[in-house]
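Inspection log for the structure reproduced underneath, given as structure tokens.
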Amino acid sequence: PSVDISSDNSRITARLPTGESVEVLLYGATVISWKNGNGAENLWLSEKAVLDGSKAVRGGIPVVFPVFGPPPKDHATSALPQHGFARNNRWEYLGKSSSESAPLSKSGAGDDTVKLDFGLYSSALPEDARKKWPYDFGLVYSVTLGREGLQTMMNVRNEGKEPFEFQVLMHTYLKVSDISKTTITGLLSAPYIDKVLNATAHTESNHAISITGEVDRVYHSLKQSTTSVLEDGKPRYDVVRDNLDDTVLWNPWTEKAAGMGDFYPKDGFKHMVCVEVGAVNSWTKLDGGESWEGGQLIKSLL
Ligand code: TA6
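In the UniProt record's numbering, the protein residues as written are 22 to 323.
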């Protein structure tokens, strides 16, 4: 595998000998590209995504921590921006490793996978961010590229004495060729909160979910670990949760896409679906010195 740091020190690109590649912006540790060996891109990235570190990236895999969505009132996260601060701070590149045992390698040969580690520490946060959520923490985010897919794992450590509670989510924008031919499976009978229907509670009754308008649903307490995306009935992605119980399904559709300045082209919603794994339906509590880990394995089945 090869790992290159861009000349402006803003991003890291890893490549496998078989052609697969992943590109990670140090700002937000945001994966902005993940390609198959044949060069097919798996992630949707807005053509007007801001990549200079002045705003969260519209597309790829933004990291959401320590709160998902608008923070609740009268809570430790109340002063934070929507989706927290992890996606709009610069992470440190901690290094790479090639491993044989990773769940992504086909043959187990050492050159089948490459793992990139990124760190974000409370001690490195700007003062105003620390003030808004005054806990000592350490995040290590690992991005592992394999021939079968991409794994992103988050390790959260409470480095202080005070316990804190957090939410975490990987806001993955998956690229699809045509939303009208796309279905999502694996959510049958799952309870969900529908944020398009005034955050009311529902139960999924479809084996295969089609997207024909704005969708913004938090499926939670999921039993099945895999959510699949099919195109024309053929499996395109498997998104496998690891120690996470929730999956958010989002497509902004016409109106919301029109309302986002950095969402471009405006009909780009026809070529993306957000399948976002996380622990967002409640709060995960960490006592001082404790750590937690969770993440996803996305298989590209093209
Ligand atoms: O993941 C779905 C969601 O919470 C939507 O409600 C929408 O707000 C989306 O995230 C994008 O949020 P952002 O802050 O990135 O514009």
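Glycine included, C-beta positions come from ideal geometry on N, C-alpha and C. Keep in mind the model is a prediction, meaning the values are calculated, not measured.
The beta carbon of lysine 216 sits closer than 7 Å to at least one heavy atom of ligand 1. When Phe158, Val217, Val298 are compared, the shortest CA-CA separation from histidine 241 is found for Val298. Beta-bridge partners of glutamine 103 (DSSP): none assigned. The count of Cβ pairs closer than 8 Å, one atom from the region 146–159 and one from the region 72–84, stays below three, leaving the stretches out of contact.
By the C-beta density criterion, aspartate 199 is exposed, having fewer than 16 other C-beta atoms within 10 angstroms.
The Cβ-Cβ distance between glutamate 44 and serine 54 falls below 8 Å. Excluding the 5 residues flanking it on each side, asparagine 57 has same chain C-beta neighbours closer than 8 Å at Gly40, Glu41, Asn63, Ser321, Leu323, in chain order. Here DSSP, grouped into helix, strand and coil, assigns isoleucine 200 to helix. Look at the beta carbons and you see the region 283–300 touching the region 193–209: at least three pairs across the two are nearer than 8 Å. If you look at alanine 300, you'll find it in the beta strand (DSSP E) that goes 293–307. Taking C-alpha positions only, threonine 203 is separated from serine 231 by approximately 6 Å. Assignment of serine 144 by DSSP, reduced to helix, strand and coil, places it in the helix class. When rounded, the separation of the alpha-carbon atoms in leucine 47 and threonine 206 is 33 Å. Residue environment analysis places serine 312 among the exposed positions, since fewer than 16 neighbouring C-beta atoms fall within 10 angstroms of its C-beta.
If you check the CB distance, valine 239 and valine 269 come in under 8 Å. CA-to-CA, the gap between threonine 51 and threonine 248 works out to about 22 Å.
The closest heavy atom of ligand 1 lies 7 Å or more from the beta carbon of valine 84. Per DSSP, glutamate 68 lies in no alpha helix (DSSP H) and is assigned neither H nor E. C-alpha of arginine 262 to C-alpha of isoleucine 319: approximately 9 Å in a straight line. The Cβ atoms of alanine 300 and aspartate 259 lie no closer than 8 Å to each other. Judged by the Cβ position, tryptophan 304 fails to qualify as a neighbour of ligand 1 at the 7 Å threshold, every heavy atom of the ligand being at least this far. When secondary structure is reduced to three states using DSSP, threonine 98 falls in the coil class, being assigned neither helix nor strand. Within a 10 Å sphere around the beta-carbon of glutamate 169 sit 16 or more other beta-carbons, which makes this residue buried. For glycine 80, the three-state secondary structure derived from DSSP is strand. Distances from the CB of tryptophan 271 to the heavy atoms of ligand 1 include at least one below 7 Å.
Within the chosen limit of 7 Å, ligand 1 reaches the beta carbon of aspartate 237 through at least one heavy atom.
Within the region 210–289, the complete alpha helix (DSSP H) runs of at least 4 residues fall at 274–280. Within the same chain, and ignoring the five residues on either side of alanine 211 in sequence, the residues whose Cβ sits closer than 6 Å to its Cβ are Glu225, Tyr240, Leu243. Taking 8 Å as the cut-off, the beta carbon of phenylalanine 89 is found no closer than this to the beta carbon of leucine 208.
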